[in-house]
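Take the sequence shown: its position 75, counted from the start at 1, is 75 in our numbering, and no numbers get skipped. Note that CB positions come from ideal geometry on N, CA and C, so glycine has one too. What follows is one structure encoded as structure tokens, with my remarks underneath.
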Amino acid sequence: MSARPGAVIGSGIVLLIAALDPATSAQTPREAPKTIATEAEFRRAMKELSNWGRWGEDDELGASNLITPDKRRRALALGREGVVISLARDVPQETDADVPVIVERELVNAGPTGATDRYRYTGTYHGAIHTHLDALNCHVLFEGQGYNGRSWEEIERAGGCPRGHINALKDGIVTRAVLFDATLLPNKAAPQGWVEPGTAITREDLLALERIENVRLAPGDVMLLYTGRWKRRAALGPSPEATGFAGYHVDVAYLIGERDVAFIGADGPNEVVPGDRPKGVGSIHQLASVAMGVGIFDNLDLERAAAEARRLKRYEFLFVSAPLRIEKGTGSPLNPIAVF
Numbered sequence: 001m002s003a004r005p006g007a008v009i010g011s012g013i014v015l016l017i018a019a020l021d022p023a024t025s026a027q028t029p030r031e032a033p034k035t036i037a038t039e040a041e042f043r044r045a046m047k048e049l050s051n052w053g054r055w056g057e058d059d060e061l062g063a064s065n066l067i068t069p070d071k072r073r074r075a076l077a078l079g080r081e082g083v084v085i086s087l088a089r090d091v092p093q094e095t096d097a098d099v100p101v102i103v104e105r106e107l108v109n110a111g112p113t114g115a116t117d118r119y120r121y122t123g124t125y126h127g128a129i130h131t132h133l134d135a136l137n138c139h140v141l142f143e144g145q146g147y148n149g150r151s152w153e154e155i156e157r158a159g160g161c162p163r164g165h166i167n168a169l170k171d172g173i174v175t176r177a178v179l180f181d182a183t184l185l186p187n188k189a190a191p192q193g194w195v196e197p198g199t200a201i202t203r204e205d206l207l208a209l210e211r212i213e214n215v216r217l218a219p220g221d222v223m224l225l226y227t228g229r230w231k232r233r234a235a236l237g238p239s240p241e242a243t244g245f246a247g248y249h250v251d252v253a254y255l256i257g258e259r260d261v262a263f264i265g266a267d268g269p270n271e272v273v274p275g276d277r278p279k280g281v282g283s284i285h286q287l288a289s290v291a292m293g294v295g296i297f298d299n300l301d302l303e304r305a306a307a308e309a310r311r312l313k314r315y316e317f318l319f320v321s322a323p324l325r326i327e328k329g330t331g332s333p334l335n336p337i338a339v340f
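Shown next as structure tokens:
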């Protein structure tokens with residue numbers, strides 16, 4: 001017996017709805033998140049996540065191209081409380097167990113009409129203590145190349161970064177920041193309110209924090225990780241660098257790529273130290289900076305920003321920063337600002 005045309009159409013609609021509704025259809029197995037646990041997986045990630053050529057062969061801005069005028073306008077609306085917070089540490093002027101490099105400040109002259117002084121670093125500001133931003137094309141390399149294929153030979157010949165140096169960001173960074181407070185993770189936080197050195201914050205941890213904080217990363221964002229590093233230092237005193245730092249697990253690189261994050265940063269050097277990466281597995285610096293052209297802020301002070309985010313129950317804010325204008329520079333000390 002043939003079915004009535006209306007019945008056929010009606011049953012077809014039901015079948016179509018069932019096919020489209022996850023609650024009524026057979027679930028397609030979800031692809032497992034990619035891991036980076038071997039040299040082969042690390043090399044695969046360097047290729048899969050690469051943004052080389054995405055914005056042109058001569059591009060010097062990398063993922064900061066994702067910070068569009070519209071992105072900036074929307075970010076400016078996040079400063080509605082008018083609360084302004086520095087995200088930098090004071091520049092150290094005295095050595096300590098965790099401070100091998102300082103700025104020597106010398107008063108040059110003083111008199112009734114005023115005073116002048118001069119500053120001199122005793123070593124590089126790069127490392128694990130000074131708040132700074134890395135230049136894309138030359139500070140971190142992988143197999144002799146930086147972002148977009150710039151070689152160490154070019155850097156050596158030029159006496160610094162010939163392209164992609166820190167001055168590429170001379171107009172500053174104005175965008176939305178998302179602050180991930182790792183001390184909200186019950187399986188990672190110490191009772192004292194910090195994450196212990198050597199703890200890796202994984203992709204799954206950050207996805208959990210999105211749910212806890214009711215926030216979601218978006219293209220052009222600055223992604224910041226709070227681990228309570230400076231709270232721990234204030235309580236226990238300075239520790240040698242070998243004591244280590246909590247930081248991003250290398251598999252976070254896939255989340256950075258999926259969400260088109262423009263910059264990352266943390267209250268440490270971003271890496272997990274001491275790390276347990278197998279031989280041949282590189283760093284989050286190499287994946288972010290070299291492969292994706294994602295700029296990296298090291299050694300931020302996120303204590304007050306984290307406290308304000310908890311108070312407001314809002315983990316997004318306006319982020320503003322600008323490096324010193326230094327041609328060929330491999331990076332710059334700076335003072336980023338959060339505006340809630």
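Is P238 closer than 8 Å to A97 when the C-beta atoms are compared? yes
So, do the segment 183-199 and the segment 322-334 have three or more beta carbon pairs nearer to each other than 8 Å? no
Across the segment 234-248 and the segment 137-153, are there enough close Cβ pairs to call them in contact, namely three or more that are closer than 8 Å? Contact fails between the segment 234-248 and the segment 137-153, because fewer than three Cβ pairs, one in each stretch, are under 8 Å apart.
What's the C-alpha gap between R232 and V281? 29 Å
So for V261, helix, strand or coil by DSSP? coil
What number of angstroms, rounded off, separates the C-alpha of H285 from the C-alpha of G82? 33 Å
To the nearest angstrom, report how far apart P100 and Y125 are at their CA atoms. 10 Å
Measuring CA to CA, which of N214, G164, A37 is closest to E316? N214
Counting only the same chain and skipping the five closest in sequence on each side, list residues whose C-beta sits under 6 Å from that of A128. Excluding positions up to five away in sequence, the list reads E241, P269.
Kindly confirm or deny that the segment 194-203 and the segment 242-258 touch, where touching means at least three C-beta pairs closer than 8 Å. Yes: the two stretches touch, three or more of their Cβ pairs being nearer than 8 Å.
With 16 as the cutoff for other CB atoms within 10 Å, does P336 come out buried or exposed? buried
Taking all protein chains shown into account, decide if E48 is buried (16 or more other Cβ within 10 angstroms of its Cβ) or exposed. exposed
Starting from the N-terminal side, write out each stretch of the beta strand (DSSP E) that is 3 residues or longer and does not extend beyond the segment 232-313. 263-266, 295-298
Might you give, ordered along the chain, the residues of its own chain that have their beta carbon closer than 7 Å to the beta carbon of P274, omitting 5 neighbours on each side? Here the set comprises G198, G244.
Might you give, ordered along the chain, the residues of its own chain that have their beta carbon closer than 6 Å to the beta carbon of S64, omitting 5 neighbours on each side? A262
Which residues in the same chain as C138 place their Cβ atom closer than 6 Å to its Cβ, once the five residues preceding and following it in sequence are excluded? G146, I155, C161, T330
Leaving out the 5 sequence neighbours to the left and right, which residues in its chain are closer than 6 Å to A75 when beta-carbon positions are compared? T175, R176, L318
Taking all protein chains shown into account, do 16 or more other C-beta atoms lie within 10 angstroms of the C-beta of T116, making it buried, or fewer, making it exposed? By the 10 Å Cβ count, T116 comes out exposed.
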